[in-house]
Amino acid sequence: LEAPKSSPVLGLGDIQNFLRLQRATLDRRVAAIASAFPPPSSASLISAAEASLVVLATHLQEILQQLHDSVDCIEQMLRKQLVTAVGRELSPRDFSKYMEYHNQKLFRPAYKPQPFCFAVRRPDHYPEGTVSIEAEPAQAAEASVPIHTLVSSAATPSPPMSFRLSAATRVLFSGERHLHAHLAHAFEGETGDALALTARARQFSCFMLLLGAIGPNATFEPKHAIILQNKDELRIPLSLEQV
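Going left to right, the sequence shown walks through residues 1148 to 1390 as the working numbering numbers them.
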C-alpha cells in the first residue's frame, strides 16, 4: 500500500529502497573488509570473518538504538498529548480518589470501602477520642485524610478478650472488632501515599492505645502502649510491604 502523497509517512516503495540501499552499503563494507583482512581460512588471529562480525554487530546496535529512540519519542509525544488533554499530571493520590468514587458505585452498600476512622468511647458515653489511619498530604496546605478500607465487622456483642499486665494480672476488655483490607495505588517509580496511624484525645478525656498482635484463646499480645489525654495527638508512620 502506498501512502497518500500529502502524508508525511514513507510509502512502501520508499521503505524498500532504503532497505536495498542498506544492503548495498553493507555489502560494500564487507567487501572492503575482505580486501583489508586475511581470509577466514588463514591462521591469523583476526580474519575478515571476525572483522565483518564486529561491523554487523555494531550496525545492529545502531539500529536497535534508533528503534529505542523512536519508540521513546512516540511515547513522550503521546504522554504530552494526554497531559494536555487532562490539564495536569495525575498522581497516585488522584487515582485513589477516582477509585474511591468508582467503588461507591461498584460495591453494594454493605461492602463499600469505609474511611478508617473510629471513635474511642465507652458504652453510652461521649467519645474519648479517635483512632485513624491517614494518608500524609502531598502538599503542606492539604489536610490528612483517612484511607478507605474494606471492612469485615464481628457480630456484637463479641466475646471478651484479655491481655496480660503481669504474670499474675490479666485485663478483660470488649468492644467492636473489625478486620480491614486496604488496596494502595502507586505508579512505577513512585512510592505512593505515606500512611500514618493517628490517635487524638479530646479535651478532658483520656484513653490507652495498645499496639500488638492477636494471640491464641482470645488473647491480645501488646507490644507497645501509650496513654493519650487532654487533646494529645499521636502520629506513627507506617512502613508497609506489598503482598
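Built from N, CA and C at the ideal position, the CB exists for glycine as well.
Here the structure is a predicted model, which is why all the values come from computation and not from measurement.
1) Is it true that the CB of N1250 sits closer than 8 Å to the CB of P1239?
2) Going by beta-carbon coordinates alone, are S1243 and H1332 separated by less than 8 Å?
3) Could you give the uninterrupted runs of the beta strand (DSSP E) lying entirely in the region 1324 to 1355, keeping only those of 3 residues or more?
4) Would you call L1358 buried or exposed, if buried means 16 or more other Cβ atoms sit within 10 Å of its Cβ?
5) Where does A1282 land, buried or exposed, given buried means 16+ other C-beta within 10 angstroms?
6) Would you list the one or two residues that DSSP bridges to F1367?
7) The beta strand (DSSP E) that contains E1281, what's its start and end?
8) Put A1171 into one of helix, strand or coil per three-state DSSP.
9) Under the rule that 16 or more other beta-carbon atoms within 10 Å means buried, what is D1219, buried or exposed?
10) Judging by CA-CA distance, which residue of T1172, S1199, R1167 is the nearest neighbour of S1182?
11) With C-beta atoms as the reference, is P1293 less than 8 Å away from F1263?
12) Near Y1258, which residues of its chain fall below 8 Å by C-beta distance, leaving aside the five closest residues on each side in sequence?
13) What are the residues that DSSP puts in a beta bridge with R1311?
14) Over the uninterrupted alpha helix (DSSP H) stretch that includes R1382, give me the two end residues.
15) Output needed for M1246: all residues of its chain with C-beta closer than 7 Å, excluding positions within five of it in sequence on either side, in chain order.
16) Among the candidates P1270, H1295, E1289, whose CA atom is the shortest distance from the CA of P1304?
17) Do you know whose CA, among P1369, V1177, V1267, lies nearest R1347's CA?
18) Just list the residues that DSSP pairs Q1261 with in beta bridges.
19) Can you give me the start and stop residues for the alpha helix (DSSP H) that T1303 sits inside?
20) Taking the alpha-carbon of S1279 as reference, which of S1386, E1380, Q1163 has the nearest alpha-carbon?
21) Can you give me the Cβ contacts of G1276 inside the same chain, cut-off strictly under 7 Å, excluding the 5 residues immediately before and after it?
22) Hey, R1141 and A1343: beta-carbon distance below 8 Å or not?
23) Would you mind giving the Cβ-Cβ distance between M1308 and A1365, rounded to the nearest angstrom? I have them listed as a contact below 8 Å.
According to the structure data:
1) no
2) yes
3) 1325 to 1328, 1342 to 1348
4) Residue environment analysis places L1358 among the exposed positions, since fewer than 16 neighbouring C-beta atoms fall within 10 angstroms of its C-beta.
5) A1282 counts as buried, since at least 16 other C-beta atoms from the protein chains shown sit within 10 angstroms of its C-beta.
6) By DSSP's assignment, F1367 forms a beta bridge with I1361.
7) 1276 to 1282
8) helix
9) exposed
10) S1199
11) yes
12) Around Y1258: L1297.
13) Paired residues: R1317.
14) R1382 -> not in any alpha helix (DSSP H); beta strand (DSSP E) instead, spanning 1380 to 1385.
15) H1332
16) For the residues P1270, H1295, E1289, the minimum Cα distance to P1304 belongs to P1270.
17) Closest by alpha carbon: V1267.
18) T1296
19) Segment: none, T1303 is in no alpha helix (DSSP H) and carries neither H nor E.
20) E1380
21) Taken in chain order, the residues that qualify are V1267, A1346, R1347, A1348, R1349, S1352, F1354, L1375.
22) Limits of the chain in this structure are 1148 at one end and 1390 at the other, which puts residue 1141 out of reach.
23) 5 Å
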